[in-house]
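Residue numbers (our numbering): 664 to 1222.
Report on the structure given below.
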């Protein structure tokens, strides 16, 4: 509790400083942002980021100085967009503060040190706490980034860079043993074992592709793999001694929501929304099943040929719907962004939840993969603000990225996407059910009312038709959401906040409201928290005012 109070004093105390400071300009924020981003990168020791207690304490002091500089900038007279940027920098700094003082993944979470990454995230940056200097294999030709790419030999420069990156793995894992010496979060610890098993598998595959010609690279891979297997075994050996809780508690969870993610909800309010959406989606599914009773059984792809044909027919149909309904401005890169993510046929016995849906109709999941359109837009049409140009740190983009992807599933259903395929509506409700169930379980895991396994029980038992199994997907999701507060429920809660944005914008515009205008305005705001999008699009700062601890829901604007 004392730590929570200290964090609140830092956040709320600095918020009161601008009134006492001399007037400044927006350019000072940009200058500070540049300095902040350079500072956020930790120093390196033997090529590995330094997360030692001494270094962290020194960096915490320096961070507080940066926060004071931010608070001293007078935003009087700034436009809403400029004020939004100020909030974004504040949120990122609060994210580092939270990592150093509460979440402490470097001291509590072994998976934090799994630095070899094999696949590009569908969000602006990796979900959850991510090690600085991660080895992202898809940055190299030898590891195809998408389904349309092929393996290509490493260039001399790629070989040099990859060798240098992999050499950091052994010293990083040596440091990790020291930093994790006091860790006692059992579920985080046990879940971390799989992260290093996967890293070992990735390094083994990399070794096969590299061959034996480049001795320095081969040696770097071999030593990284040896360090990885030894670290995984150390985690296994130490697991029986880990007995503590892994959740951060309700108060710390709420602080993170309101001060880092800028989500105007508390732990309790997210529970209320998640329970409501779980019940609503279940009831809606039963009504859809009643409506569709008597229809022929939905076709399920049984071969690669059938699955490829299903995807190739569905993709142009989906894009045509979006264009004809004028949902948003269509871009020439949108088809490729989805084709890059087409998947292969999976036998029924091996299908995880999402493959259960795509082998019946790939379109419901493609609506969720609005993610890839967001990511492509960041690359080809970066935001004019330097603060919003790239991914925000500490998953500050969470409510927008996951909320938008999830609410798109239901929005497009209501817009008529499945008028010719009514059973696809059942898939949409099942996807909402599983996201609400896993988010609800995760909330109780963070309050330490449930273990990670018990949270998984809710996820599995509440998902209809046996589509959610005790498989690697379940373990990955439950572990990720325990590592990263706010993430599990964000799919559902972020979607509900976006509905408030649409509702208020439509109320303002009246008969001139169009879906295309709304989506284009929303996309132009960038990958920022929904509370800030609401303010920027509507001019109403209600959600920002709701970020104050104990503010509670405020009245909607009536004018």
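For glycine and all other residues, C-beta sits at the position ideal for the given N, C-alpha and C.
On a predicted model such as this, the values are computed, not experimentally measured, just so you know.
Query raised in the report: Can you list, in chain order, the stretches of the alpha helix (DSSP H) that have 4 or more residues and sit fully within the segment 905-980?
Result: 913-922 and 930-954
Requested in this report: Would you kindly report the start and end of the unbroken alpha helix (DSSP H) that includes residue 810?
Outcome: Taken as a continuous stretch (DSSP letters only), residue 810 belongs to no alpha helix (DSSP H), as it is neither H nor E.
**Report entry** Alpha carbon of residue 941 to alpha carbon of residue 1096, nearest angstrom
**Finding:** 5 Å
Report task. Would you list the one or two residues that DSSP bridges to residue 779? Result -> 798
Report task. Could you tell me the distance, in whole angstroms, from the CA atom of residue 851 to the CA atom of residue 1143? Result -> 9 Å
Query raised in the report: Could you give the distance in angstroms between the alpha-carbon of residue 1018 and the alpha-carbon of residue 1025?
Result: 9 Å
Query raised in the report: Between residue 746 and residue 1184, what straight-line distance do the alpha-carbon atoms span, to the nearest angstrom?
Result: 18 Å
Query raised in the report: Going by DSSP, which residues form a beta bridge with residue 1164?
Result: According to DSSP, which records beta bridges pairwise, residue 1164 is partnered with nothing at all.
**Report entry** Residue of 984, 762 and 994 minimising C-alpha distance to residue 726
**Finding:** 762
Query raised in the report: Got a sec? Which residues, its chain only, sit under 7 Å from residue 1091 by beta carbon, not counting five neighbours each side?
Result: 1027, 1072, 1073 and 1076
Requested in this report: Spatial neighbours of residue 993 within its chain, please: CB distance less than 7 Å, with the 5 preceding and 5 following residues excluded, ordered by chain position.
Outcome: 985 and 986
Query raised in the report: Below 8 Å between beta carbons: does that hold for residue 804 and residue 825?
Result: no
Query raised in the report: Do the segment 907-923 and the segment 862-871 meet, that is, are 3 or more Cβ pairs less than 8 Å apart?
Result: no
Query raised in the report: Does the beta-carbon distance from residue 842 to residue 907 come in below 8 Å?
Result: no
Query raised in the report: Do the CB positions of residue 1029 and residue 991 come within less than 8 Å of each other?
Result: no
Query raised in the report: If residue 792 sits next to residue 766, beta carbons under 8 Å apart, how far is it from one beta carbon to the other, in whole angstroms?
Result: 7 Å
Query raised in the report: By a C-beta neighbour count over all protein chains shown, 10 Å radius and 16 as the cutoff for buried, is residue 1215 buried or exposed?
Result: exposed
**Report entry** Secondary structure of residue 712, DSSP reduced to three states
**Finding:** strand
Query raised in the report: Using the rule of at least 16 other Cβ atoms within 10 Å of the residue's Cβ for burial, across every protein chain shown, is residue 1172 buried or exposed?
Result: exposed
Query raised in the report: Going by other Cβ atoms of all chains shown within 10 Å of its Cβ, with 16 needed for buried, is residue 946 buried or exposed?
Result: exposed
Query - Sub-8 Å separation of residue 1164 and residue 1196 beta-carbons - result: yes
Report task. For the alpha helix (DSSP H) holding residue 1043, just list the boundary residues, first then last. Result -> 1033-1043
**Report entry** 8 Å contact criterion, which residue 1122 and residue 1141 should meet: CB distance rounded
**Finding:** 7 Å
Query - Nearest candidate by alpha-carbon position, reference residue 1170, set 1186, 1194 and 1222 - result: 1222
Query raised in the report: Three or more C-beta pairs closer than 8 Å, one from the segment 821-838 and one from the segment 878-895: is that the case here?
Result: yes
Query - Beta-carbon separation (whole angstroms), residue 1193 vs residue 1161, contact threshold 8 Å - result: 6 Å
Query raised in the report: Out of 903, 1191 and 708, which has the shortest C-alpha to C-alpha gap to residue 1062?
Result: 1191
Query raised in the report: Going straight from the alpha carbon of residue 1034 to that of residue 717, what length do you get?
Result: 39 Å
Query raised in the report: By Cβ distance, which residues of its chain are closer than 7 Å to residue 707, with the 5 residues on each side in sequence left out?
Result: 713
Query raised in the report: Just the Cα atoms here: how many angstroms apart are residue 686 and residue 740?
Result: Any answer about residue 686 is weak, because its pLDDT of 37 lies below 50 and its placement is not dependable; what the coordinates show is given next. Distance between the alpha carbons of residue 686 and residue 740: 10 Å.
Requested in this report: State the Cα-Cα distance for the pair residue 1059 and residue 703, rounded to the nearest angstrom.
Outcome: 15 Å
Query raised in the report: Under the three-state reduction of DSSP, which class applies to residue 865: helix, strand or coil?
Result: helix
Query raised in the report: Run through DSSP, which three-state label would residue 820 get?
Result: helix
Report task. Figure out for me which residue from 753, 944 and 768 has the closest Cα to the Cα of residue 1089. Result -> 944
Report task. Under 7 Å Cβ to Cβ from residue 939, same chain only, skipping five residues before and after it: list those, please. Result -> none
Query raised in the report: Given a threshold of 16 other Cβ atoms within 10 Å of its Cβ, counted over all protein chains shown, does residue 773 qualify as buried or as exposed?
Result: buried
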